[in-house]
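**Q** Quick note: the sequence shown uses our numbering, first residue 634, plus one each step. C-beta: ideal position from N, C-alpha, C; glycine also.
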Amino acid sequence: MTSLTRDAFEAAERYIALNARLIDRLRFASRFHDAAADPVLEAVRAYQNPDGGFGSAIEPDLRGAGSQPQGIEMAFWALDEAGVFDESTVLRACDWLQANATPEGGVPWVLPSVVHDQRGPWWQPQGERPPAALNPTAPIVGLIQAHGVEHPWVEAAGEFCWRGIAALDEIGSYDTMCVLAFLERTPERERAESEFKRLKASLRATAALDPDAPGHVHSPLDLAPSPDSLGRSLFTGAEINLHLDALITAQGEDGGWAPNFEMWTPVVAHEWGGYLTRMRLTTLQAYGRIA
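1) Just how far apart, CA to CA, sit S663 and R654?
2) Among F718, D694, T638 and E714, whose alpha-carbon lies nearest the alpha-carbon of D667?
3) Return the Cβ separation of P772 and P741 in integer angstroms, given the expectation that the two are a contact with Cβ distance under 8 angstroms.
4) Quick check on DSSP: helix, strand or coil for Q681?
5) Express the C-alpha separation of E828 and S835 in angstroms, rounding to a whole number.
6) In the DSSP assignment, find the alpha helix (DSSP H) that holds G704 and state where it starts and stops.
7) Can the beta-carbon of L813 be found less than 8 angstroms from the beta-carbon of G888?
8) Sort out for me which residues DSSP pairs L695 with in a bridge.
9) By DSSP, does I881 sit in helix, in strand, or in coil?
10) Give me the Cα-Cα distance between A871 and L637, rounded to the nearest whole angstrom.
11) Out of A708, D684, R678 and P683, which one is the CA nearest neighbour of E692?
12) Decide if the segment 751–758 is in contact with the segment 794–801; the criterion is three or more beta carbon pairs, one per stretch, under 8 angstroms apart.
13) Please report the straight-line C-alpha distance between T898 and D750, rounded to a whole angstrom.
14) What is the C-beta distance between V782 and L730, in whole angstroms, given that I count them as a contact (C-beta under 8 angstroms)?
15) Using only CA atoms, which one of R658, P683 and D684 lies nearest to A676?
16) Starting from the Cα of D684, find the closest Cα among F642, W710, A732 and E643 and give me that residue.
17) Under 8 angstroms between the Cβ atoms of V743 and Q778?
18) Do you know offhand how far P858's Cα is from F661's?
19) Please work out which residues of its chain come closer than 8 angstroms, Cβ to Cβ, to D671, disregarding the five sequence neighbours upstream and downstream, and give them in chain order.
20) Please state the DSSP three-state secondary structure of F718.
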């Protein structure tokens, strides 16, 4: 079992200082240097629009200023990690979610308004009236419920998530992470455990068990970023340790961890690199793999 050395950690810290956005530098400082968390909240608020949603590349591949559902998910994860899940900020976002929800109760993967913005080529809406999707409705609802924030949208969106999860058989890796985020945080524990048990084999099958698997794949550590994650029980200890060793080895000469998906414009390589490097360090810390 190997650990990330102090020199390697400092190289990653330099990479973040040189490449990461302010929001990710603040998140890193809050987690690893006990810096104040309030600046993270202020950085998140800088991405919030007057309509309550989030845009302006808080999701690096969505470059437009307009609000999108994925922007809210990204914002909520940052608030959750830093322990500043500010109710007023969240309720404004919930108002936007309610205003943009479909009749099913959830929100789409991306709204048609995205076609007017610069974006990654995969961000294409599903028609003029796209359906609601578990990605990102499920993690958004899970995070809201975990923090006990009450809003009329949450109940309808939660029921959409339960219906969507109940209808799942085969599942993609992005939906797997969204489902796990919801099931881990919903207060309906018995229901969550039943669905997790039913879907366990399908959820596990979405992870690339070979650490050297090429292309845009998700590893067991993406599904189980900490030992306390619901997804941890999908994998053996040996599988997790293999991927932790591989993660340490995968650190680049520049100190960062590179994305395994398309970098469609130069700036996103830096932004995703900083974001992912912070995430990889967080995972290694959670598993006790930083010396």
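**A** Reading from the atomic positions:
1) 14 angstroms
2) E714
3) With a Cβ gap of about 14 angstroms, P772 and P741 do not count as contacting.
4) strand
5) 11 angstroms
6) Note, G704: alpha helix (DSSP H), P702 to A715.
7) No, the Cβ-Cβ distance between L813 and G888 is not below 8 angstroms.
8) In the DSSP output, where bridge partners are listed per residue, L695 has R752.
9) helix
10) Rounded to the nearest whole angstrom, the CA to CA distance from A871 to L637 is 18 angstroms.
11) When each option's Cα is compared against that of E692, the closest is A708.
12) Contact between the segment 751–758 and the segment 794–801 is absent: fewer than three C-beta pairs spanning the two stretches fall below 8 angstroms.
13) 14 angstroms
14) So it is not a contact: roughly 12 angstroms between Cβ atoms.
15) R658
16) A732
17) Q778 is positioned such that its CB atom lies no closer than 8 angstroms to that of V743.
18) 16 angstroms
19) V717
20) coil
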